[in-house]
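Engineer: Below is the structure I would like to discuss, written out as structure tokens.
Numbering (the numbering used here), first residue to last: 1 to 434.
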């Protein structure tokens, strides 16, 4: 809501305005795996507090910025803070609740996220129209202060709830020198890949810069895998990917974020470009997809706790795919009512995918690796959003058809359903096989 105003007031070029958004996404995508590792090496509370502190500091700087360079730099620091606090938050909740309660806890977190996701555009619009774009950054400060206070006052670092119930304790994570070679290869590889995907539509997919960065990124990621395989204490334990539920859950989250970003970005564009609705009306129609999440987040968590993660996850993925097919058909027919109704069903499925999938993959890894597991999960999720912007943006440029974009989106949803069916284990409450 504020980007156009920031661009106008600070005199930013189109490319610079693009990087006000991309700087945050790039920093978070590249650093969130490190944030997860720090949770296991140091502590979840310290990692979360540091992340929130960085986010607050960057918000203050962004609001005071007098030129685009300061805003973009502050957004990169915000992304760094987010890369620390988000994996710490998921790891803390995973450790604090027993397996049969985690679905409900994750449901509460997703509901809170949905509330802010729904209110964000309206709050941002009000602040930009009646105060200043700077307040979209400064409004974060009291929330950050409250979060840091709650984290610091929460008492000692929580033990694993499952360990408390059984009277056992997980072995602490081994502490050794940080794998700096692996860290450099990971950060450089992800930076090259994500930058190529972000700028590919602008540079052209056949340009030497796009192809060069893609090749460099893939080579560095291959180097990262080689380095990690040779380390006794790797930055990321690649053996986690041998756990089918963990791998399947992460594939689901790639598709989940791909679907979500495509809906929020390209539905709004369709309604404005094709149906010629004003921006506010388009936003209200797209928000139809967020309303059901307030209710189904709790249902998804409760269902996962009662029947295990697999049944509600498969059902929600099937509804998600069917709803996206209906969106594509409605767009082909230029039927706004059909788009809105399909979005409602999509919104019903959205949290019932996220909650059981995260419950399954976080519950599948050892307690002393839940920080890095959360970091890997968030990395794959952010990467899915980057893929969505690159692939769908290019499809729209080539075909000019929003129906083709959403048919592709539905195909990605179908692939997620297949991955969940093949890889995510059927579990009863408590993580026991049926």
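C-beta: ideal position from N, C-alpha, C; glycine also.
#1: Which ranges does the alpha helix (DSSP H) cover as unbroken runs of at least 4 residues, wholly within the stretch 398-431, from first to last along the chain?
#2: Which ranges does the alpha helix (DSSP H) cover as unbroken runs of at least 4 residues, wholly within the stretch 237-317, from first to last along the chain?
#3: Assuming residue 288 and residue 406 are in contact, meaning their beta carbons sit under 8 Å apart, how far apart are those beta carbons, in whole angstroms?
#4: Using the beta-carbon count (16 or more within 10 Å), is residue 334 buried or exposed?
#5: Check each candidate in 95, 94, 410 and 52 and name the one with the smallest Cα separation from residue 262.
#6: What would DSSP say about residue 207, mapped onto helix, strand or coil?
#7: Any chance the stretch 142-153 sits against the stretch 391-400, with 3 or more Cβ pairs inside 8 Å?
#8: Kindly list the residues whose CB is nearer than 6 Å to the CB of residue 231, restricted to its own chain and excluding five residues on each side of it in sequence; keep chain order.
#9: Out of 215, 188 and 349, point me to the one whose CA is closest to residue 303's CA.
#10: At the 7 Å Cβ level, is residue 281 part of the contact set with chain B, yes or no?
#11: Check for me: the alpha helix (DSSP H) holding residue 133 runs from which residue to which?
#12: Using a 10 Å radius around the Cβ and a threshold of 16 neighbouring Cβ atoms, would you call residue 116 buried or exposed?
#13: Going along the chain, which residues of its own chain have a beta-carbon closer than 7 Å to the beta-carbon of residue 345, five neighbours each way excluded?
#14: How many Å lie between residue 354 and residue 76 at the Cα?
#15: Who are the near neighbours of residue 342 in its chain, counting only those whose CB is closer than 7 Å to its CB and skipping five residues on each side?
#16: Okay, do the stretch 377-393 and the stretch 25-37 touch, 3+ Cβ pairs below 8 Å being the bar?
#17: Measure how close the beta-carbons of residue 138 and residue 63 come, nearest whole angstrom, since I'm counting them as under 8 Å.
#18: Return the CA-CA distance between residue 224 and residue 184, expressed in angstroms with no decimal places.
#19: State the start and end residues of the unbroken alpha helix (DSSP H) segment that holds residue 75.
#20: How do the stretch 416-424 and the stretch 281-300 stand: do at least 3 beta-carbon pairs fall below 8 Å, yes or no?
#21: Please state whether DSSP places residue 193 in a helix, a strand or coil.
#22: Buried or exposed: residue 130, going by 16 or more other Cβ atoms within 10 Å of its Cβ?
#23: Following the continuous alpha helix (DSSP H) through residue 53, name the residue where it begins and the one where it ends.
#24: Here's a check: name, in chain order, each residue in its chain whose Cβ is nearer than 6 Å to the Cβ of residue 313, leaving out the five neighbours to either side.
#25: Once the 5 residues before and after residue 167 are set aside, which same chain residues still bring their CB inside 8 Å of it?
#26: Give the range of the alpha helix (DSSP H) segment to which residue 335 is assigned.
#27: Do you know how far the Cα of residue 66 is from the Cα of residue 18?
#28: Look at the alpha carbon of residue 105 and the alpha carbon of residue 206, and state the distance between them as a whole number of angstroms.
#29: Report all residues from its chain with a CB closer than 6 Å to the CB of residue 4; omit the five preceding and five following residues, and keep chain order.
#30: Give every residue of the same chain whose Cβ lies closer than 7 Å to the Cβ of residue 213, excluding the five residues on either side of it in the sequence, and list them in chain order.
#31: Go to residue 6, then tell me how far its alpha helix (DSSP H) extends in each direction, as first and last residue.
#32: Take residue 24 and list the residues in its own chain whose beta-carbon comes closer than 6 Å to its own, dropping the five residues that flank it on each side.
#33: Cutting at 6 Å between CB atoms, please list the residues of its own chain near residue 282, excluding the five before and the five after it.
#34: Would you identify the three-state DSSP class for residue 124, choosing helix, strand or coil?
#35: Thinking residue 200 and residue 221 are a contact (beta carbons under 8 Å), I'd like their distance in whole angstroms, please.
#36: With distances taken between CB atoms, is the gap from residue 423 to residue 258 smaller than 7 Å?
Structural biologist: This is what the structure gives:
#1: Entirely contained in the stretch 398-431, the alpha helix (DSSP H) runs reaching 4 residues are, in chain order, 402-423.
#2: For secondary structure counted as the alpha helix (DSSP H) over 4 or more consecutive residues, the stretch 237-317 holds these complete runs in sequence order: 244-262, 268-273, 279-286 and 293-307.
#3: For a cut-off of 8 Å, the C-beta gap from residue 288 to residue 406 is around 16 Å, too long to register as a contact.
#4: Exposed, by the Cβ-count rule.
#5: Of the candidates 95, 94, 410 and 52, the one whose C-alpha sits nearest the C-alpha of residue 262 is 410.
#6: It is coil, neither helix nor strand.
#7: In short, these stretches do not touch, since the Cβ pair count stays below three.
#8: Around residue 231: 179.
#9: It is 349 whose Cα lies nearest to the Cα of residue 303.
#10: You won't find chain B in this structure, because it holds only one protein chain.
#11: Segment: none, residue 133 is in no alpha helix (DSSP H) and carries neither H nor E.
#12: Residue 116 should be labelled exposed.
#13: Answer for residue 345: 319 and 323, listed in chain order.
#14: In a straight line, the C-alpha of residue 354 is about 26 Å away from that of residue 76.
#15: Excluding residues within five positions, the ones whose Cβ falls inside 7 Å are 323, 326, 327 and 330.
#16: Contact holds: three or more Cβ-Cβ distances are below 8 Å.
#17: Between residue 138 and residue 63 the beta-carbon gap is near 4 Å, inside 8 Å, which marks them as a contact.
#18: Roughly 8 Å separates the two Cα atoms.
#19: Bounds of the alpha helix (DSSP H) holding residue 75 are 68-96.
#20: The stretch 416-424 vs the stretch 281-300: no contact.
#21: Helix at residue 193.
#22: The residue in question, residue 130, is exposed, as its Cβ has fewer than 16 Cβ neighbours within 10 Å.
#23: First-last of the alpha helix (DSSP H) with residue 53: 44-64.
#24: Answer for residue 313: 356, 357 and 420, listed in chain order.
#25: Low local confidence applies: a pLDDT of 47 at residue 167 is under 50, so the model's placement there is unreliable, with the coordinate-based value given in what follows. Close CB contacts of residue 167 within its chain, under the 8 Å cut and outside five residues either way in sequence, are absent.
#26: Boundaries for residue 335: no alpha helix (DSSP H) harbours it, and the DSSP string shows neither H nor E there.
#27: Pairing residue 18 with residue 66, the inter-Cα distance amounts to about 17 Å.
#28: Distance between the alpha carbons of residue 105 and residue 206: 46 Å.
#29: Nothing meets the Cβ criterion.
#30: Taken in chain order, the residues that qualify are 192, 195 and 196.
#31: Residue 6 -> alpha helix (DSSP H) spans 3-10.
#32: Closer than 6 Å at Cβ, skipping near neighbours: 75, 78 and 79.
#33: If we look at residue 282 and ignore the five residues flanking it on each side, its Cβ neighbours are 268, 271 and 272.
#34: Residue state, collapsed to three classes: helix.
#35: The Cβ separation is near 17 Å, so there is no contact.
#36: It is not a contact, given that the beta carbons lie outside the stated cut-off.
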